[in-house]
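So that you can map any letter, position 88 of the sequence shown is 147 in this note's numbering, and since no number is skipped, the others follow by simple counting.
Structure first, then comments.
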Amino acid sequence: MPTYAPLPVRFIKGEGSWLFDDKGDKYLDALSGIAVCGLGHANPDVGDAISKQANTLVHTSNLYHIDQQEKLADKLCELTGMHDVFFANSGAEANEAAIKIARRFAHSQQIQNPVIVTATNSFHGRTLSTLTATGNPKVKEGFGPLPEGFCHVPYDDIAALEELAEQNKNIVAVLIEPIQGESGINIPADDYLNKLRSLCDKHNWLLMLDEIQSGMARTGRFLASQHNGIKADVVTMAKALGNGVPIGACLTSGKATGLLTTGSHGSTFGGNPLASAAALKTIEIIERDNLAERAKQLGEYIAQSFKQTLSDCSSVIDIRHKGLMIGIELNSPCLELVMQSLEKKLLINVAANNIVRLLPPLTMSDEEADMMVSIISELIIAR
Ligand SMILES: Cc1ncc(COP(=O)(O)O)c(C=O)c1O
Numbered sequence: 060m061p062t063y064a065p066l067p068v069r070f071i072k073g074e075g076s077w078l079f080d081d082k083g084d085k086y087l088d089a090l091s092g093i094a095v096c097g098l099g100h101a102n103p104d105v106g107d108a109i110s111k112q113a114n115t116l117v118h119t120s121n122l123y124h125i126d127q128q129e130k131l132a133d134k135l136c137e138l139t140g141m142h143d144v145f146f147a148n149s150g151a152e153a154n155e156a157a158i159k160i161a162r163r164f165a166h167s168q169q170i171q172n173p174v175i176v177t178a179t180n181s182f183h184g185r186t187l188s189t190l191t192a193t194g195n196p197k198v199k200e201g202f203g204p205l206p207e208g209f210c211h212v213p214y215d216d217i218a219a220l221e222e223l224a225e226q227n228k229n230i231v232a233v234l235i236e237p238i239q240g241e242s243g244i245n246i247p248a249d250d251y252l253n254k255l256r257s258l259c260d261k262h263n264w265l266l267m268l269d270e271i272q273s274g275m276a277r278t279g280r281f282l283a284s285q286h287n288g289i290k291a292d293v294v295t296m297a298k299a300l301g302n303g304v305p306i307g308a309c310l311t312s313g314k315a316t317g318l319l320t321t322g323s324h325g326s327t328f329g330g331n332p333l334a335s336a337a338a339l340k341t342i343e344i345i346e347r348d349n350l351a352e353r354a355k356q357l358g359e360y361i362a363q364s365f366k367q368t369l370s371d372c373s374s375v376i377d378i379r380h381k382g383l384m385i386g387i388e389l390n391s392p393c394l395e396l397v398m399q400s401l402e403k404k405l406l407i408n409v410a411a412n413n414i415v416r417l418l419p420p421l422t423m424s425d426e427e428a429d430m431m432v433s434i435i436s437e438l439i440i441a442r
């Protein structure tokens, strides 16, 4: 179905920060398959783990114990301080589990018409409930009737949420991205998540953090929310978890734990041996190579470089980043930059029409980063 509009290029091979097309040209990838290949393409250690697992046992279903899945759950809980994990196959499905947990939580509190609050400009997925949670009317167009029980407040606005709390006694959970990715790398005030945590505690709401894009060390900590020293009740992950092998996870702690009981939720593929082995190896490499620290340092280096090269460029409104979630906001729509940089053999993305969004692999070298900064800066200056 024509749900995508692919760019005129066909990749057949990858290696580290590079993709190779069917004509023999190579491209520097500053997007990592939309924050998925955090370790770069065709990472040999992940490749070995996948091939070893594929030659041993790919799938059994969750009717049986899965060793790799249990090890992965333990590792995720160790790194996040969470207690339980449900495994799915994508970000939308991980959020779907979170939404079901919020509904169960409501019913345990005798709230029959629960409301989950999300932010405007958020993105949570394309299933019916996650597109309803998403704070962007465009993704909902033509898909009504939409599920009930969602409302939106402006992002990074605690006062708006406090006001809503006064008006609506059916709120049971807040689902928020620690940094908004799809809408252009929106980074909230330093204490936003801390205030959210306090507000959720005050009203007995679940704090549910969508770390699908911001997790897996991309911002300089394993989870972006760890910069704030807070723990959510529910955390969702996907994207870079399997470095390209589809896997999602919904993690719970505290009062969110134990709400999904035996038989109340499930997935045929979720956390199967192959996906779990890929994720375990991905996390092992993130820890082994200290990639959270690398993301922090490289992000700082790239942002400083852009600030220098674009210092005199009046079309640049803002250059912002947390680790390797990088956004360059321009004063007018700049969608043409995607094709222009493709012609220069560089893969980038433009969000919200006027924000260059970069999500390079955590393993990108300084030299590759210099190349990326120089191509993008030249294109922006030449506009
Ligand atoms: C923050 C966030 N949540 C959820 C999703 C949906 O993930 P998926 O496309 O794997 O369903 C995305 C995808 O871009 C995302 O960035």
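Note that the Cβ used here is the ideal one computed from N, Cα and C, for glycine as well.
Computed from a prediction, not measured in an experiment: that's the story for all the values here.
In this structure, Asn154 has its beta carbon less than 8 angstroms from a heavy atom of ligand 1. Closest option to Leu78, judged by alpha-carbon separation, among Cys259, Arg379, Ala101 and Glu402: Ala101. Burial state of Ile342 is buried, judged by a 10 Å Cβ sphere holding 16 or more other Cβ atoms.
Taking 8 angstroms as the cut-off, one finds no heavy atom of ligand 1 near enough to the beta carbon of Asp292. Apart from sequence neighbours up to five positions away, the residues of its chain that approach Asp143 with a beta-carbon distance below 6 angstroms are Thr311 and Thr316, ordered along the chain.
Beta bridge pairing from DSSP links Cys309 with Phe145 and Thr295. The Cβ-Cβ distance between Ile435 and Val415 falls below 9 angstroms. For His262, no beta strand (DSSP E) segment is defined; the enclosing uninterrupted segment is the alpha helix (DSSP H) at Tyr251 to His262. With contacts defined by Cβ atoms closer than 9 angstroms, Ile170 and Ile158 do not form a contacting pair. Per DSSP, the continuous beta strand (DSSP E) segment holding Ile387 begins and ends at Met384 to Leu389. Residue pairing by DSSP leaves Ile435 without any beta bridge partner. Short note on Lys261: C-beta not closer than 8 angstroms to any heavy atom of ligand 1. Arg162 is bridged by DSSP to nothing; it lacks a bridge partner. For Ala178, DSSP records a beta bridge to Val212.
Judged by the Cβ position, Gln127 fails to qualify as a neighbour of ligand 1 at the 8 angstroms threshold, every heavy atom of the ligand being at least this far.
DSSP, read as helix, strand or coil, puts Asn287 in helix. The three-state secondary structure of Arg442, taken from DSSP, is coil. In this structure Tyr86 is buried. Its beta-carbon is surrounded by 16 or more other beta-carbon atoms within 10 angstroms. Counting C-beta atoms within 10 angstroms of its own C-beta, Ser120 has fewer than 16 neighbours from the protein chains shown and is therefore classed as exposed. In the three-state DSSP reduction, Met430 falls in the helix class (H, G or I). Each residue's CA atom was taken as its position, placing Val95 and Gly303 some 6 angstroms apart. Taking C-beta atoms as the reference points, Ala291 and Gly274 fail to come closer than 9 angstroms. With a beta-carbon spacing of about 11 angstroms, Leu357 and Ala276 fall beyond the 8 angstroms limit used to define contacts.
For Tyr86, the secondary structure class from DSSP, reduced to helix, strand or coil, is strand. The beta carbon of Asp250 sits closer than 8 angstroms to the beta carbons of Asn287 from its chain, once the five residues preceding and following it are set aside; these are given in chain order. DSSP places Lys134 within a helical segment (H, G or I) once states are collapsed to three. Residues Leu252, Leu268, Glu270, Ser273, Ala283 and Ser284 of the same chain have their beta carbon placed closer than 7 angstroms to that of Pro237, with the five preceding and five following residues left out of the count. Look at Asp425: its beta carbon is at least 8 angstroms from all of the heavy atoms in ligand 1. When distances are taken from the beta-carbon of Gly307 to the heavy atoms of ligand 1, the shortest one is below 8 angstroms.
Contact check for Asn229 against Ala161 fails: the beta carbons are separated by 9 angstroms or more. When beta bridges are read from the DSSP output, Ala248 appears opposite no residue.
Counted as a single uninterrupted DSSP element, the alpha helix (DSSP H) harbouring Glu402 occupies residues Glu395 to Glu402. For the pair Ala151 and Thr189, the CB atoms are nearer than the 9 angstroms cut-off. A straight-line Cα-Cα distance of about 6 angstroms links Cys372 and Ile440.
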